[in-house]
Amino acid sequence: SNRFISSTSKIILASGAEQNTNYKFLDSGSAYFLADEVMRGTGFAPLMLARAERRPAPLVIIGGSHSTFAICALLLERFGSDFREGDICILHRTDVRLNYPCIESARIDKYPFSPSTDVCPETGQINRFGGLRSYAKQLYLDIKAGKERRIKLIKVGPEIASDLGRCFPNSCIIDATGY
Numbered sequence: 027s028n029r030f031i032s033s034t035s036k037i038i039l040a041s042g043a044e045q046n047t048n049y050k051f052l053d054s055g056s057a058y059f060l061a062d063e064v065m066r067g068t069g070f071a072p073l074m075l076a077r078a079e080r081r082p083a084p085l086v087i088i089g090g091s092h093s094t095f096a097i098c099a100l101l102l103e104r105f106g107s108d109f110r111e112g113d114i115c116i117l118h119r120t121d122v123r124l125n126y127p128c129i130e131s132a133r134i135d136k137y138p139f140s141p142s143t144d145v146c147p148e149t150g151q152i153n154r155f156g157g158l159r160s161y162a163k164q165l166y167l168d169i170k171a172g173k174e175r176r177i178k179l180i181k182v183g184p185e186i187a188s189d190l191g192r193c194f195p196n197s198c199i200i201d202a203t204g205y
C-alpha cells in the first residue's frame, strides 16, 4: 500500500518543484526555453539549433542565481568554441549574490554585505542559501574580472519583461527566473 503513517509535532516537506514562467516572447521571433529543460539536457539540441538559425543575435538568459550560471557553465563546457565575446547576455534585476563561508572571507574579497540580513546567525556564512558557490561563483568572478568575455552581465529593471522582445528580437531566450 502507499500509506505513510507518522507521528510528529513538526514536519517539513520538500516534494520538489516545477519551473514556472511569467514570460513568453515567441511573438518577437525569439526561441524560448526554460532553464530546467536546458539543465536536464533535453533542451540542448533545440537550443543550439535555434541559436544557429538566429545568429548573430545573442543568447539571452533571464535570471541571476545559480541556475543561470550553471547553464552558462554547461554551454561553455559543451559548446564553448561556438560562442564569441558578448554572445551570451545575462539579464538580472538584483545584484548577484555570492556565498562566503564567513565574514572574514567576504571582507578579504571586498564583497559588500549586510551583517543584519546576509549573515546566517547559525553558521556565520554570507548568503548561506542564496549565494553562488563553487564553479558558478568562479564563473561570475571571471566575468566581473574580464577573464570570461563571452558572457555579458546586464542589470535591468522590471520593465525589461515587457521590452524583452523589442530589446532582443529574434534571440534565444532562456528563462532562469526560478521555481
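In this note's numbering, the protein residues as written are 27 to 205.
Note that beta-carbon positions come from the ideal geometry of N, C-alpha and C, so glycine has one too.
All values reported here derive from a predicted model rather than from experimental measurement.
Drop a sphere of 10 angstroms on the beta-carbon of P147, count the other beta-carbons inside from all chains shown, and report buried for 16 or more, exposed for fewer.
exposed
State the DSSP-derived secondary structure class of A57, mapped to helix, strand or coil.
strand
Top-ranked residue by Cα proximity to R175, from G106, S160, T149, E185:
G106
Out of curiosity, what's the CA-to-CA distance linking P141 and R154?
13 Å
Residue nearest to I152 in terms of C-alpha spacing, selected from I129, S160, D168:
I129
Taking just the CA atoms, how far does S160 sit from A96?
10 Å
On the criterion of 16 or more Cβ atoms from any shown chain inside 10 Å, does D144 qualify as buried, or is it exposed?
buried
List the endpoints of the continuous beta strand (DSSP E) containing K181.
That run of the beta strand (DSSP E) goes 177-181.
DSSP three-state label for V122, please.
coil
With distance defined between alpha-carbon atoms, name the residue in P84, M74, H118 nearest to G90.
Ranked by Cα distance from G90, the options P84, M74, H118 are led by H118.
On the DSSP bridge list, what partners appear for I88?
L117, D201
Inter-residue spacing [alpha-carbon to alpha-carbon] between F194 and T149:
Distance from the CA atom of F194 to the CA atom of T149, rounded to whole angstroms, is 42 Å.
Extent of the continuous alpha helix (DSSP H) to which L167 belongs
160-170
On the CB-based measure, 16 or more other CB atoms within 10 Å of its CB, does G112 come out buried or exposed?
exposed
Residue span of the alpha helix (DSSP H) that contains P72, given as start and end
Here the alpha helix (DSSP H) through P72 covers 70-80.
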